[in-house]
Each structure stands twice: as structure tokens, then as C-alpha cells.
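There are 2 protein chains.
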Amino acid sequence: MSDFIPVNTPLLDGNEKKYLNECIDTGWISSEGPFVKNLEAEFSSYIGQKYGSCVANGSVAIDVAIRAMKEVYKWQDNDEIIVPNFTIISTAQSVVYNNLKPVFVDAEPYTWNIDTSKIEAMISPRTRAIMVVHIYGLPTDMNKIFELAKKYDLKIIEDAAQAHGQSYYNKKCGGMSDISTFSFYANKHIACGEGGIVITSSDKLIEKVNYFKNLCFSKDRFVHNDLGWNFRMSNLQAAVAYAQFEKLEKSIQQKIKMGELYQELLKDIPAQLPVHKTDYAQNNYWVFGLVLNPDVKFDAKEVMQKLADKGIGCRPFFYPLNEQPVFQKLGISDNIERPISRNLYKKGFYIPSGLGLKENEMYRVAEAVRSLF
Amino acid sequence: MSDFIPVNTPLLDGNEKKYLNECIDTGWISSEGPFVKNLEAEFSSYIGQKYGSCVANGSVAIDVAIRAMKEVYKWQDNDEIIVPNFTIISTAQSVVYNNLKPVFVDAEPYTWNIDTSKIEAMISPRTRAIMVVHIYGLPTDMNKIFELAKKYDLKIIEDAAQAHGQSYYNKKCGGMSDISTFSFYANKHIACGEGGIVITSSDKLIEKVNYFKNLCFSKDRFVHNDLGWNFRMSNLQAAVAYAQFEKLEKSIQQKIKMGELYQELLKDIPAQLPVHKTDYAQNNYWVFGLVLNPDVKFDAKEVMQKLADKGIGCRPFFYPLNEQPVFQKLGISDNIERPISRNLYKKGFYIPSGLGLKENEMYRVAEAVRSLF
């Protein structure tokens, strides 16, 4: 279909080419290159933390962040980490890969973030940290998280992969925790195809992140005291991410405008739209999600199929982590129901939201959605 | 030092820029892009196997290759894999991460590859595969490997990260095994900063590699039946790797010429030089290594320091895997001595060998090396 509108179209209209050409001209393509270093320094400073460490993607960013925390804070196997039940599997998977136990907390029905009122009941003597994920561009309500972390002496991990440049009151997402992670996947506000970064202000954590992501090379290069991974990011990826970072504020303003237009065009449909604004943040719409009302006869899967037939690419909402077959197989899930995330999966999906999406395409998308009801 | 000669200088004089610009112009930066697909199809065909799967780097290529083999061949935890003792830790580490046991076989003193005469003694009822690594551009003597694999019903894994475009008799390295891996690290014959590929002719193996490297996404996208990783390669990385692949034969010819020049310039020094040619292969000199003769009073570390003082960047040989502190700590190493790899580490190092190295620089390197004795 020639006029198919994909769920994501990136916008690469800044210095991307110029910087890539610089990489080739200078021969700097490896992870030792200057764009990697500059991105680490400037992005961490923008976020309000001291250090950054570029990695291959947002999933491995979480792998290595938790590994570093486990090492530095001397967590034991089977210690527990609170994880939102409504998010990508990379979060809980990193917990499992580090021989820790994810404890799933259901989502809040309107913001789709972790329900902060349900966390305390899940804290045990073995809980070591709370992981928050700022879902789809709207921050988690952090004050409650800060309070619990203080009360129970817990660390905070922020997955800010969906919230580049977003703020909670006046603090940047990724800047409110012991360690945070970002993804630069092709559909992110800062996109370089595959890429990510770990951010922290801790000397000890950044040292461990840099160590584990680089195969635990030591001073005597090929002598290894630990097992790490190769999770390095090349200078090519960093060049594009850096160019995208330069125009982040502009991208965010554009995303908010797009969100406002969709809000207006879709306000009458029988579905819940993203929260546009709270007292702590203006949604910056990483993606524009919809949750069908209970009285709508069809579920998200059927709607996405109907929209695909009209040439509109959509993507489902996340599957509840506690129901993941792999976690059930591994005996990690309990039997407690998480009805909100279950409903979000069943009734939720998102529509084309990339920065490269044109206004006339947004009208076509909205018209197609409206025509279903 | 302004005239410092680094151990590696890449040569990026082909279509690298053109293809990178294409990525930006078309918006294809993600792992779904056309350079990824073309590289997979054409590189695997060049190697003589049916399928390729691009990944983030050469280390994770081994991680996912062994994971796929374990799954498809139904290997059990603690099954054993024969691994060369003289190579990078990524090989044995991937075995360990997959809950398998690496069994280390010492190197052959002249080719520095696994000593094929010492493998059979290390085969047990639990041995499932032999991993070979073609060291520094010279292939392993595979006929003995084929014979053992047949006799004991073992699979073969080839790490061909150091042997792009190399052949054993008339068969390409990476094309003689059940599964093989390549790295496109910045110092490889095909270089894109960070990148790698898994090659196989098995439908089942490639399916599992593609599954595990992409977070085990399923038909119902966010429902996961297994835990995988994000090991995807972006289209940007593939664009550069593809441009480098186009001129691989030319690069190899240049590397052989460079090897011949170093052989000539260094023929009288008290050190063993790489084997230039065997009955099965012409060395294509990924790097040019030297092993100091037993009567030389200083070891590789001292020589590398002296050369660094003269503005020449060198790199040590690999540390024997059986002696790695991490494997001793994990109780994986036995107490059998591997004297050849021990000596290679103590006395071996390599000198600047990148494709971007100029002839006058090679004379300077050789002169600096000769002046030490």
C-alpha cells in the first residue's frame, strides 16, 4: 500500500549527516570516538547528573545499570526490586538476569504509570529498590516514590527511555534517581536506530557500568577479574544521537503540538486519551495511546486490524509482566491479579506518533479512528 | 605526541559516507533497514552459508549463537564445549553465560591456533561442540576438527572474527561449521565501529538467533515465552559494514602486502613472526604479532612500554583463559598447565596493523622494533 502510514517515522533534519561524515573523515567510528564522549558529558549535564555512559541500546542499559547497583550496594541473589507491571519486558528481565526478583505493581488507570499507592504493600524486608518507568512521555508521580525510598531505605532506578527531556515539576526525568537509563531506539525523541545511555551521579556506579559494559577489561587489558558484556556504543550511533539531542527541545515542542492536535481530533471517541497535563508535568507524548472504553464491543487487536486495513500502522500496549508466559514458567509471578494493566493490554494501543508524521497524515489517522465508532 | 602511530587506523575510503547519507535521507536507521538485510543476505552467501543475522557486536554474536545451539540441540546445563585457551574471553564467557562448561585446549606454538592434537584428550561424554577461533588471520587446521566432530558426534562453532574473507583450502572461514560468528569492530577487515553477524545454514538455528537477539518478541508482539536480549544492529552500522564488505578482497590483498613487508623488515629480530603461509592458507594478517624468543631478556610488557615511548602503539596477546582470575574464582578452570598460551601471553604482542597504516609508518615501526635488540 503506497500511502501506508507507519506507526513511526523518524525526523532526521539536523546535523545527522554532517556528524556522520565527520566520523568517516576522521576515522573515528569506535566507542572511543568524540561523539560518544560529548554525548555522555552533555546529556548527563542536561539531565542534571554527573556522569553518562553510552551503551548499545536501552535494554542493555538496564542490564548493566542493575548489575552495577547489585555490585556497589552488595545486593544478594533473590533480593527484590519493585517493577511496574505495565512496561516492556527489558526492565524485569534485567532484574532476573542479575539473579534478583522482580515484584510487579499494577498501573494507575489514567496515567498508565506505576500506581504509587500500591507499592508499599509489596515492600518486603528483601526489597532493595523501586524501578519506575515514565510511560509514553508522562512522568511517574515521584514524590510518593521519594517518600517510600526514604522510609524503607530503598534505591531508585528510573527507566526514562520514553521520557527524554521530560520533567517532574522542575526536575528532569532521569535526574531523580540513583541511576537512570535512556533508549535512543529509532522511535525515541532522540533516535539513532539503536543506542542508549546510563546516567548517574555516583562515582562508584559509573565506574562499574563502564567496567561491565566493556567486557571487564582491566589495566592489564586481557586479564579479567569478572565477566562483563560488550555493550559499547559506536561513534556512528553517538553522532546521530548527538545531532538529535541538539534539537531535543524543538522536538518536544513539536510532539506536544501533535498531542494537542490528536486530543482535539479524537476528543469525542469512546476511548480514554492520554492525560494531557497534571500538576507536575505536561505530557510530551512519546507516543499517543488510546484505551477503548469498557462499552466498546471490540478490543485493541480488532481495532488495530481494522486500522491496518485502512493503511494505518498501530502498535499494541504492553502485556502485563506478571502474566508473561516466561515469568510464569520461571515461577517468578505470583497469583495476584493486576486488573489495570490487564485492561490496558486488552483495550490499549497507540497510533502513528513519530516526529516525521505530517499534519495531513494525522488528520487521516484521526478520521480513520473516528470512523470505527 | 603528534606523530604517535596507533595500533589501529581504520580505512574508510569506499561508499561509507554515501550509504550513511542514504540512511538519513530515507529515514532508515533501525535494524529493519535495507543495509542490514542486504548485508545478511550477501555476506552469508559470500561465506557459503544460507543465512546471516546482524547483531550489535562480535561478543554478543557468540552469546546468541551458543544460546541458539543449546536450544536447538537440546544441550543440558553443564554440558561441555571445547574452547581454545588462547583467545578473547568473549568465547568462553558466552559458554558460561549459557550455563555450559568451557574446556580449554592449549594453543599450537607456531600458528597460535588451538592445538588440534590436544583436543581428543579433553573430550568427555558431556562434550557437545568444539569452538574454533581463527587467530590473527590464519585459519585453524580444520580437517582434524572435522574428523573429531564426526567421530564423537560434536557440533562445530567457528569464531571467525579475526578471519574475514580467509579460506581454509577452498572453504571460507565461517563456512565450515554449524554456526559461525564475525565481529565488525573498528579494527577488523570489515569495520563499522561496533557490529557483528551470526552465520549458519540451519533454518532452526537462524530462527532462534533472530528470536533471542530481538527480546523474544512473538507474533503477539509484547507476549514473551522466553527471555532474550536486545542485540540488534542498526542500519547505520550495517551501512558502513556493507561499504567495507564491498572492498574486502582489496583490503585482504593490502593486508597480505603489509604482512609481507613486515616479514621482510623484521626477519632478523630474535622473535617468532606470524606463519606467512601453510598448505591450507595464506595468512591474511588481521594483525601482525610477534613472540619474543626465549633468550630475549625482556618480556612483551617491557617491549610494548619501550615502543610506546618511541610513539608506537602496540597491544598485548591474549591472556590464557584457564588462568583468568574470573574463571578460577568461578571454579571453572582445572589445574592443568597450558604452557604454550602462557608463553604467548608473556612474550607476545602485536604492532600497528590497521588498513589505514602508511608504508612510511611501517618502516618507522619496524625500525623502532629492530632498535630494541
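Chains P and C, in that order, are what the protein sequence lines are.
Going by the working numbering, the first sequence opens with residue 1, and the numbers climb by one from there.
Going by the working numbering, the second sequence opens with residue 1001, and the numbers climb by one from there.
Ideal placement from N, C-alpha and C gives every residue a C-beta, glycine not left out.
{"Check": "In this structure, how does DSSP classify glycine 1058 (chain C) when only helix, strand and coil are distinguished?", "Outcome": "helix"}
{"Check": "Three-state secondary structure (DSSP) at tyrosine 1168 (chain C)?", "Outcome": "strand"}
{"Check": "By DSSP's criteria, threonine 181 (chain P) is part of a beta bridge. Which residues make up the other side?", "Outcome": "P:Asp159 and P:Val198"}
{"Check": "Tell me the DSSP secondary structure of methionine 1001 (chain C) in three-state form.", "Outcome": "Model confidence at methionine 1001 (chain C) stands at a pLDDT of 47, short of 50, so the residue's coordinates are unreliable and nothing is read from them."}
{"Check": "Hey, is proline 339 (chain P)'s beta-carbon within less than 8 Å of any beta-carbon in chain C?", "Outcome": "no"}
{"Check": "What is the rounded straight-line gap between the Cα of proline 382 (chain P) and the Cα of leucine 100 (chain P)?", "Outcome": "No answer is possible for residue 382 (chain P): the residues shown for chain P start at 1 and end at 373."}
{"Check": "Enumerated in chain order, which unbroken segments of the alpha helix (DSSP H) with a length of 4 residues or greater are wholly contained in the segment 1209 to 1255 of chain C?", "Outcome": "1235 to 1246"}
{"Check": "Mind pulling the chain C residues with CB within less than 7 Å of proline 316 (chain P)?", "Outcome": "Arg1221 and Phe1222"}
{"Check": "Do we get a CB-CB distance below 8 Å when we pair threonine 9 (chain P) with the residues of chain C?", "Outcome": "yes"}
{"Check": "Reducing DSSP to helix, strand and coil, say where glutamate 80 (chain P) ends up.", "Outcome": "strand"}
{"Check": "Please classify tyrosine 345 (chain P) as buried or exposed, where buried requires at least 16 neighbouring CB atoms within 10 angstroms.", "Outcome": "buried"}
{"Check": "Who are the near neighbours of glycine 1354 (chain C) in its chain, counting only those whose CB is closer than 8 Å to its CB and skipping five residues on each side?", "Outcome": "Pro1006, Val1007, Asn1008, Thr1009, Pro1010, Leu1011 and Asn1187"}
{"Check": "Return the bridge partner residues of threonine 1127 (chain C) from the DSSP annotation.", "Outcome": "C:Glu1080"}
{"Check": "Tell me, please, which residues DSSP counts as bridged to arginine 315 (chain P).", "Outcome": "P:Tyr350"}
{"Check": "Apart from the five residues on each side of it in sequence, which residues of its chain come closer than 6 Å, Cβ to Cβ, to aspartate 1178 (chain C)?", "Outcome": "Lys1155 and Ile1156"}
{"Check": "Give the DSSP-derived three-state secondary structure of proline 1102 (chain C) in the structure shown.", "Outcome": "strand"}
{"Check": "Report whether the distance from the Cβ of methionine 1142 (chain C) to the nearest heavy atom of the ligand FAD is below 7 Å.", "Outcome": "Annotation note on the ligand FAD: not contained in the displayed structure, which lists no ligands."}
{"Check": "Excluding five sequence neighbours on each side, which residues of the same chain lie with their C-beta closer than 8 Å to the C-beta of asparagine 225 (chain P)?", "Outcome": "Cys216 and Ser218"}
{"Check": "Output, in chain order, the set of chain P residues within a Cβ distance shorter than 7 Å of lysine 1037 (chain C).", "Outcome": "What lysine 1037 (chain C) touches in chain P: nothing, since even the nearest Cβ is about 14 Å away."}
{"Check": "Does the Cβ of phenylalanine 1327 (chain C) have 16 or more other Cβ atoms within 10 Å, making it buried, or fewer, making it exposed?", "Outcome": "buried"}
{"Check": "Taking only three categories from DSSP, how would you classify asparagine 1027 (chain C)?", "Outcome": "Rather than asparagine, the amino acid found at residue 1027 (chain C) in this sequence is glycine. Coil."}
{"Check": "Report yes if the CB atom of glycine 1193 (chain C) is closer than 8 Å to the CB atom of leucine 236 (chain P), and no otherwise.", "Outcome": "yes"}
{"Check": "What does valine 1096 (chain C) reach in chain P if we use C-beta pairs closer than 8 Å?", "Outcome": "Leu227"}
{"Check": "List the residues of chain C whose Cβ lies closer than 7 Å to the Cβ of asparagine 21 (chain P), in chain order.", "Outcome": "Lys1017"}
{"Check": "Report the neighbours of alanine 241 (chain P) on chain C: residues whose CB is nearer than 7 Å to its CB, in chain order.", "Outcome": "Going along chain C, no residue has its Cβ under 7 Å from alanine 241 (chain P), so there is no contact; the nearest lies around 10 Å."}
{"Check": "Specify the secondary structure class of phenylalanine 1288 (chain C) as computed by DSSP and reduced to three states.", "Outcome": "strand"}
{"Check": "Have a look at proline 294 (chain P) and phenylalanine 1222 (chain C) and give me their C-alpha separation to the nearest angstrom.", "Outcome": "22 Å"}
{"Check": "Output, in chain order, the set of chain P residues within a Cβ distance shorter than 7 Å of tyrosine 1319 (chain C).", "Outcome": "Phe222 and Val223"}
{"Check": "Tell me whether valine 1303 (chain C) sits in a helix, a strand or coil according to DSSP, three-state version.", "Outcome": "helix"}
{"Check": "Using the three-state DSSP reduction, which class does lysine 1333 (chain C) fall into: helix, strand or coil?", "Outcome": "The sequence shown places serine at residue 1333 (chain C), rather than the lysine named in the question. Three-state DSSP puts serine 1333 (chain C) in coil, outside helix and strand."}
{"Check": "Can you grab the Cα-Cα spacing for the pair serine 117 (chain P) / phenylalanine 318 (chain P), in whole Å?", "Outcome": "21 Å"}
{"Check": "Going by the CB atoms, is the gap between alanine 1056 (chain C) and phenylalanine 1245 (chain C) shorter than 8 Å?", "Outcome": "no"}
{"Check": "Quick one: is glycine 1228 (chain C) buried, meaning 16 or more other Cβ sit within 10 Å of its Cβ, or exposed?", "Outcome": "buried"}
{"Check": "Residues in the same chain with beta-carbon distance under 8 Å from glutamate 1361 (chain C), minus the five sequence neighbours each way, listed in chain order, please.", "Outcome": "Ile1005 and Pro1352"}
{"Check": "Could you compute how far the alpha carbon of proline 366 (chain P) sits from the alpha carbon of glycine 137 (chain P)?", "Outcome": "The sequence shown places alanine at residue 366 (chain P), not proline. Cα to Cα, the separation comes out at about 20 Å."}
{"Check": "Under 8 Å between C-beta atoms, does leucine 1236 (chain C) make it to chain P?", "Outcome": "yes"}
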